[in-house]
Every structure is written in C-alpha cells, then in structure tokens.
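Listed in order, the protein sequences are those of chains A and B. First residue of the first sequence: 48, per my numbering; consecutive thereafter. First residue of the second sequence: 1484, per my numbering; consecutive thereafter.
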Amino acid sequence: MKAAVLVFPGINRERDMARTLKLTSGHEPAMVWHAERELPAGTDLVVIPGGFSYGDYLRCGAIAARSPIMDAVRSFAGKGGLVLGVCNGFQILCEAGLLPGVLMRNSQLRFICRDVFLRVERSDTPFTRGYNAGQVIRVPVAHGEGNYIADGETIARLEGEGRVVFRYSSPDGMIDPNWNHNGAINAIAGILNERGNVLGMMPHPENHVEPALGVTDGRGMFAGLSEALGRAA
Amino acid sequence: MIRNATPITPELVAEHGLKPDEYKRVLDLIGREPTLTELGIFSAMWNEHCSYKSSKVHLRSLPTKGPHVIQGPGENAGVIDIGDGLACVFKMESHNHPSYIEPYQGAATGVGGILRDVFTMGARPIACLNALSFGAPSHPKTRHLVSGVVAGIGGYGNSFGVPTVGGSVRFHARYDGNNLVNAMAVGIARKDKIFYAAASGVGMPIVYLGSKTGRDGIHGASMASAEFGEDSEAKRPTVQVGDPFSEKLLLEACLEIMQKDCVIAIQDMGAAGLTCSAVEMGAKGDLGVVLDLDKVPCREEGMSAYEMMLSESQERMLMVLKPEKEKEAEAIFRKWGLDFAIVGETTRGNRFIVRHQGEVMADLPIKELGDQAPEYKRAFVNAAKPAAIEADDVPAPLGLNEALDKLIATPDLCCKRWVWEQYDHIIGGNTVQRPGGDAAVVRVEDGPKGLALTTDVTPRYCEADAFEGGKQAVAECWRNLTAVGSRPLAVTDNLNFGNPERPEIMGQFVGAIRGIAEACKQLAFPVVSGNVSLYNETNGRAILPTPSIGGVGLLDDFTKSATLAFKRAGEAILLVGETTGWLGQSMYLREICGCEEGAPPPVDLIEERENGDFVRALILDGVTTAAHDLSDGGLAVALAEMAMAEGVGATLDAAPDDIPAHAYWFGEDQARYLVSVPAAKVADVLTRAREASVLVSRIGTTGGDDLRLPGENPLTVASLRDTFEAWLPAYMAGELRASV
C-alpha cells in the first residue's frame, strides 16, 4: 500500500490518520501539501483526513475542494484509484463533486464528539472487505456538520445502487432516530461514488484501532484496504 | 524631546486605571509628562493582570521548585521533566470578564491564549481542560452563558485540533454577573528544545508573526472616552475575536522554525499585545528594544501608535531571530500563509523606543516598566472561622435513596456530557481516559508514558475557610491524579477572587495561598505556572473565592491507569481512609437541607499522602479493578458513579453504629478513596493496609443491576443513570424551570 494523506491548511487529523495507516499497513504514508499539483508516483490510496480546512469559514470543504492538489485527485479517481475522505475529507469530496450531496449542520445545531454505532451495509467494497455485511461497529464522531442530505432522486439512486455503505444504528443494528446523532437522511454515515472507488464518511475509524486505547473496530477498514492493495501490488 | 499632542489630564489617567500615586511614580520615573502612547503602555504594564501588583508579595510564598521542575512561574508556562528527554509544558489562565461580556469569543480566545503560551515554548499542545463556574441556573443569563462559553471552547479547540479532555462545571448564585472561565493547556516538548522569552544579542531582528493587528481588544478603560481617537466610532469592542484556523497555522509554522533552529527568543502577544511582549523580551534579556510601527502588519487603515501598542488582536507572536536564518524563517511563514515582518531590533541601553511615521511615540526605561511596577502589601483581615457542625445536629429530611437521587441530579453533581460532547476529546489518538473520570489520561507520543490531568477546587470550602479550602483544592487535585494511578508531579494555579482593595477579600486570597503553599509543600507538588484574576465582583458582591488548581501526574505505563467503573460482579468494595461523617459545607447540607454552613472538612496532609501512596501502589501492582476519589456528595455519590459508569451494581453493608447514616453516606471527609478488588485479594490488601497504617474497610460487594444501600429498596443503576444524565440537557433545552 502506498497511501498519500492530503494536508490542507486547517486540517488537523492528518497525524492521527498517518499513524493509523502506518500501524495497520506497516507503510508510512506520504503527506501531500495542498499546493502540490501531483500525487507521489505509485500512490494507490488517497486519504483526505478530518479537520477544519481553511477554518471551514465558508461552507465546510468548499475552499479545499478548489485547491491545486484536488485536480490530481480527480484524475486519480477517474482512473479508478481509491480515495477515502473522512469527516472534513467527506465534506471536501462532496464540494469537489466526487461524491453527491452535502453535509449540513447537525440537527441539534451542536458539535458532537462521541462513540456511535455504524451498520456496515456491504462488505464487497475495497473499503469494507474487512467487515461482514450487517456487522455493527463502534467508532467515534467529532463534527458539527455531518447531517447528510441530497435531493430525493440522488438518495433514491444511492439506495438503489447500494452505495450507502455505513448507517448510524443502535448497538444491535436497528436504524433508529435516537441513534442518529446528526439527523442524516436515511441515517447515512458513509457513501460510495458510482464507480465504487471513492468513499466519504463522517465517523473516524482511524481513532479506533489500538487495543491499548480500547475499541478497535476501525481496524477492519484499514486492514481490508491494506490487504486489497497489497494483493493488487 | 518627545512631542506630546494630548494633554494628560487626571481624568485621562483615571480612565487608564492608574491611581494618582501610580501616575506620580510614572512622572518620577521618566521626569516628564508621558505621551498618550506612553500612558497607554504604563496602564497596560501596570494593571493588575500584567503586573500582579496586589498578589506578587504573596505568590512568592508558593513552593516552585522540585527535582523535576525545569521552569517555574515567570515564563509563558511552567515546564517539568517527564523523562526520556521529554518535558511537559502547561499553564492555566482565566478569561473571566471577556467570557461574561461575549461568551463565545471570550471563551474561545481564552483557549487560544493559553494554547499560545504553551506552543510559544516549543511544545505541541496535547490536551486542554476547562474549569467553568456559572451563576445560578435560575439566573436569566446563565443558560446563554453556558451555551456560549461551551460552544466557544469547542469552537476554538476543535478547530485548532487539540483534545479537550477534562475540567469542571459548577453553578452558584455568587457567580451571577461574573462567571469564571479558566482554561488549561498542556503540551509536550523535547527537554533540550524549550524556548524562552529572554532576548539575547544586540542588533538582533525582532520579527512580528501571525495575524494582522486590528483595533480589537484595545484597552477597555480607554474605550468609553471619546477624546482618545479622532474617530471613536471605528473602535471595536474590548473583546477580541478568535481565529483558530490562524492559530493552527501559527502553531505549525512556529514548531517548524523552532526545529530549524532559527529562534533566539519568542513571546506570544497576549494581554497588552505588542507592548507586553516586546517589553518582556527586552527586560528579561537585559536589552533595549526599538519598534518601528510602520512595519507592523495592520488589518485596518490609519491605526495610531496608541492603538497598535494596545491592540489585543489574537494569533500573533514576537520573535527574536538569528539574523542568518531570516530568509529560511520567512519562507516557512509564507508557506503557512502568515504575516512575517521585521518590526524592530534589540539595542544596548535598556530603553523601550517606539517609532511611528517618523516620530518617537514612546521612549521609556524598559526594566522599570516591568520591574518597577507598583507592588502593594494590601491590608487583609482573616474572616472568623465558622464552627464545626456535628452530624447529629444535621436533619435527615429524606431517606438515603431519595437523597442520593436528588444529589446526582443537582447542577453541580449531574453528568456533564452535554458539555464535553461539544469538545473533540479524542483528536490526536492519544486519549486513554475520556472526560467523566477522576482525571483524564493522555498517552505521551507513542507511549508507554501517560499524563494524568485534572482541575479542582471546592469554592464553598474556600468561602468558609480560605486556608483549609486552599489546602483542599490541592489535595483533591493530588487525589484525583492518584486515583487513576499516576504520580502527581506539579500544578498550575488560577486564583480567582474579588476586589483586593477590600481587606476581607485580600484575607481570602492570603489564606488560600497559605493553604495552597502548605499542601504543595507537604505533597511535594510544586506550582510551576499560574495566573491571578482579581476584581471578580458585581455591584460590590464578590464571587466565591475560587483558586482553581490544575494538576499533572505521570504514568510510566498508561495501560496501567485505573478507571472508576466497577468491572464485574462479586468483587469487594474497599473504603480507604477515615470516615467521621463530616457534613459541614457538604453538598448534602446545601442541596438537601438548604444551607451552606459550618466548617469545611479539615485536610490532614500526612493522611492524604499515606492513603494516596497506598492506593497508587495497589493500582500499579494490578490489585484493584477500579479506583475513585471521594469528594462532593461523599461515599454514596461516589458509589453511584462507579456503578453507573459501566452498569455494574453493588450491595452495601450497614453504616457503623457510631455515625448517623446520612453522615456516613454523604459526609465529605477528605483523604478517602474507593477501590474494588477481586474477593481473593481482599486479605492481602488488608494486610498491606495494616503494614502501611492505612485505614481500609470492606463496605460491600459489586454485582447485579441495582445499587443497594442498607435498609433501602434497590435502586436500579439504569434509573440512577437516567437521573444523573437528565438535568443538564433538559436545562439547556429550556425544558425545566431551574429549582436552584
């Protein structure tokens, strides 16, 4: 695996992400500055981490989506390269047009940091092959604007094509408004693009990978990616 | 001779907060009338906040040294050695008044300021904590203040990217009109890469870094007066506006140029902005400073020298650079999109000279600006100590279950999840113990070391007896650090009091400092940084004396830290320490009986140390499965917290015959802990306790879904948890009429 972690000014979970990639794959990722125009040669996974790019003073992710490096990411994704966007990364991917929809303010209008439960809807993607379909995983969220929405037609398409990969659920996998902390439509926590090579999600699997710190349910994603890319390489 | 455009009238002097005798001192010092800019500089340097003029003489009695202390008070933050070539840099500071005027920005910039203090010294911030005191929930402004302060702390810390891992939230009518926001930041640096404020070398470039200077935060006292500026309507309010995005960039840029060895000295621009930072760098390095204000990056046109020198615009730094590294440093700052301007240089001769548009606007002796600030030995009286209240004299209007249910739903004891869920407490991937325990635990780099962090004080104890209250604040901090298994190393203190010109307030201040000093000495727990906030009064009514103590403890192996949750059924619950049933100034007395009376529980520091050392050894030897300090609400509240944490209940034995039941279960005797241990290890623990002369008694057994107090019906842990969690969200949603 040869991962590239994008660093925009104001991104702040890049160190968490880099540590997790190293820990789970054994390979140090490249840290790529927003002003670059190309990804490092041989990159097989682009990760856009969480944070507050450009302070999120405009719509979240709107400025980062127009950074020089994003053209390289678009062309990488266009060739089928794997792109993972987490939290602000998800917002950036939506703003960049690589994923449909938008993330609005949480329904309670407050930033929320807590562990949530996600139902993994599919295991036949490079991002979720480390899980079983229907499995419930516990991962943290930390965002003020994670309330996913898109027009009815888009939602119908996402659902129809099985592109909703993660949903907020109860610990036993039930979809329940009480367990949907940000009010996202259909409890959507993560989606794929049409081709299935770009994933955006609000929760932070990278923060739940170490046994010494407790829950390790995030590990499946990185172990799965590492295995998929290791095999391809 | 300096041209003086503005006549300095007594009114102008008063508006700058300088007393007539202080102004006379200015005249004596410079031998002429000051310019308006100079008057502003004096008022900035000699106010209580910057000069510590009322507190300095007493602060000197605090113990500040210890084998692991690298830097004590007097720098941007304290520094302690945590081994392996690493140092922990930390400090706590208040932002009380701004947070009352404009809660979001006031609290946000409080967090920004304390983070800058830490990374100025070369440390990457790894955690923040916040000690918050609000007015009574029934006060019409309280909800608005809680909402704004919490959002402001989160808004700044979350975006900057530091986990906010702990702190405290309390409510009391004495904070109506004057809430407290005490922010603590903790960072990690390499021990041999600590940066200080003292400049060295003559002719060295002084560089301005970070955001541009605007008219925000200009000296509050000058605001009201129209005579100052040509255009007073252009002036902004005294509260600054925070920009965590710029601060994050400033952090990364500063750490990068520090790594490249470009920096001789660095000082952040906090209170009194450019004035205070430039004077500190020069005075500490025994050098003069010349500033050319035409070079200062400004956000607005036409700013005067007075405005530039007093602006408290945020996210700015002043640095003395190695001249040969200028280009390299500039390139780093440009990469991060930050302003970089050479605005002056160090000089021989100890003068502080400010030039603007071809004129000298200030020419002052730099050492005297800091060192010769007025210092007061203010009169103080010690309040009469209230008599102790006998437990037998305290009524028990409610049964144990009812009292417990009521206590855990009170604003002070209820769950603060609504608050800390608005703080990103996991960013960094190092949070071992999240908010809600005795102390937060954060892993240091990749481990195995961990730091335990907490903030503590019990203001109602301090009000009743400042000396015992001061001792108790330190002891409880030490106890909380111990209860997670760490070795307490050092503290930062944030002393919040009323008007020091009133002898009874000064008496509280002096008493609390004596108590803090006593406890810090006995517990080998030095004070390495701190902040004093006086004049916390509204309409002549002072806040409760609130000396917040922020403590840092070290775990050699973070995986050995203890949590307060009962883990499994059938384990023995052991009470460590002596229980007399002390109800004076207890939460029970206040919340159940409706009075705040009596002497607070005395703190026996020898017992604290012996009991704490005993508990820590049990934790580190892997004997305990849970540990918890006893404080507000006593034994019953602590048991409920241990049961609620992971949903494991407990059955408790009867109280001893010689203590009334309500006093036994809700008394607040100090130096106590609860631990759970597997049944098979009880005998061993009791033997160890006897050998260590520590009082330990078995008081019950874990297990089941209920908390069973003797003679009471079982209380389900689930219902306790509902009660515990309900109050704050309901209050903040406006669903309750507050009863307090």
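Every residue gets a Cβ at the ideal spot worked out from N, C-alpha and C, and that includes glycine.
Under the Cβ criterion of 9 Å, ASP1699(B) is not counted among the residues facing chain A. Contact check for VAL1772(B) against ALA1682(B) passes: the beta carbons are separated by less than 9 Å. Taking each of VAL2106(B), SER2016(B), VAL2035(B) and THR2021(B) in turn and checking the Cα distance to GLU2054(B), the smallest one comes out for VAL2106(B). Counting only unbroken stretches of 3 or more residues, the beta strand (DSSP E) elements lying wholly within the segment 1837–1874 of chain B are 1842–1848, in sequence order.
Taking C-alpha positions only, PHE164(A) is separated from VAL1690(B) by approximately 49 Å.
Taking CB atoms only, HIS1627(B) has no neighbour in chain A less than 9 Å away. By the rule that beta-carbons nearer than 9 Å mark a contact, TYR1587(B) does not touch chain A. By the Cβ rule, the segment 1876–1890 of chain B does not count as touching the segment 1536–1555 of chain B, because fewer than three pairs are nearer than 8 Å.
The way I'd put it, the segment 1784–1799 of chain B doesn't touch the segment 1860–1873 of chain B; fewer than three beta-carbon pairs between them come closer than 8 Å. Secondary structure within the segment 1873–1917 of chain B: the alpha helix (DSSP H) runs of 4 or more consecutive residues, fully enclosed, are 1883–1891 and 1900–1903 (chain order). The residue among ALA1754(B), GLU2174(B) and ILE1749(B) with its C-alpha nearest the C-alpha of GLY1765(B) is ILE1749(B).
Residue state for MET78(A) is assigned as strand, using DSSP reduced to three classes. Put simply, the CB of ASN194(A) is far from chain B, with every gap to its CB atoms at 9 Å or more. Between the segment 212–227 of chain A and the segment 139–147 of chain A there are fewer than three inter-stretch CB-CB distances shorter than 8 Å, so the stretches are not counted as touching. A residue is called buried once 16 or more other Cβ atoms fall within 10 Å of its Cβ, and TRP80(A), having fewer, is exposed.
Remark: C-beta atoms of GLU1811(B) and PHE1823(B) do not approach each other more closely than 9 Å. A residue is called buried when at least 16 other Cβ atoms come within 10 angstroms of its Cβ; ILE2182(B) meets this threshold and is buried.
The three-state secondary structure of ASP2096(B), taken from DSSP, is helix. In the three-state reduction of the DSSP assignment, ARG2051(B) falls in the coil class, being assigned neither a helical nor a strand state.
Every unbroken stretch of the alpha helix (DSSP H) spanning 4 or more residues and falling wholly within the segment 77–153 of chain A is given here in chain order: 115–125 and 135–142.
Any Cβ of chain A closer than 9 Å to the Cβ of ARG1926(B) would place that residue at the interface, and such an atom is present. Counting C-beta pairs with one atom in each stretch, the segment 1959–1968 of chain B and the segment 1927–1937 of chain B have three or more that are closer than 8 Å, which means they touch. For the pair of segments examined, the segment 2149–2156 of chain B was found to touch the segment 2056–2074 of chain B: the number of CB pairs separated by less than 8 Å reaches three.
With its beta carbon at least 9 Å from every one in chain B, LEU53(A) lies outside the interface.
Contact of GLN1742(B) with chain A is not assigned, every C-beta pair being separated by 9 Å or more. In chain order, LEU1890, LEU1896 and MET2070 place their CB closer than 6 Å to the CB of GLY2116(B), counting only its own chain and leaving out the 5 sequence neighbours on each side. Annotation: the continuous alpha helix (DSSP H) that includes GLU1987(B) extends over 1986–2005. For GLU253(A), at least one C-beta of chain B is nearer than 9 Å to its own C-beta.
Distance check between ALA1590(B) and each of SER1582(B), ILE1597(B) and VAL1843(B) places SER1582(B) closest, using alpha-carbon atoms only. For ILE184(A), the enclosing beta strand (DSSP E) has its first and last residue at 183–190. At the C-beta level, VAL2179(B) and PHE2097(B) come within 9 Å of one another. Within chain A, the C-beta atoms nearer than 8 Å to that of THR2042(B) come from ALA259, in chain order.
Annotation: the segment 2105–2183 of chain B contains the following complete segments of the beta strand (DSSP E) (minimum length 3 residues), in chain order: 2109–2112, 2133–2135 and 2156–2160. The Cβ-Cβ distance between ARG176(A) and GLU274(A) falls below 9 Å.
Residue burial is scored here from C-beta neighbours: SER1729(B) has at least 16 other C-beta atoms within 10 angstroms and is therefore classed as buried. Interface residue (Cβ-Cβ distance to chain B less than 9 Å): GLY207(A) is not classified as such.
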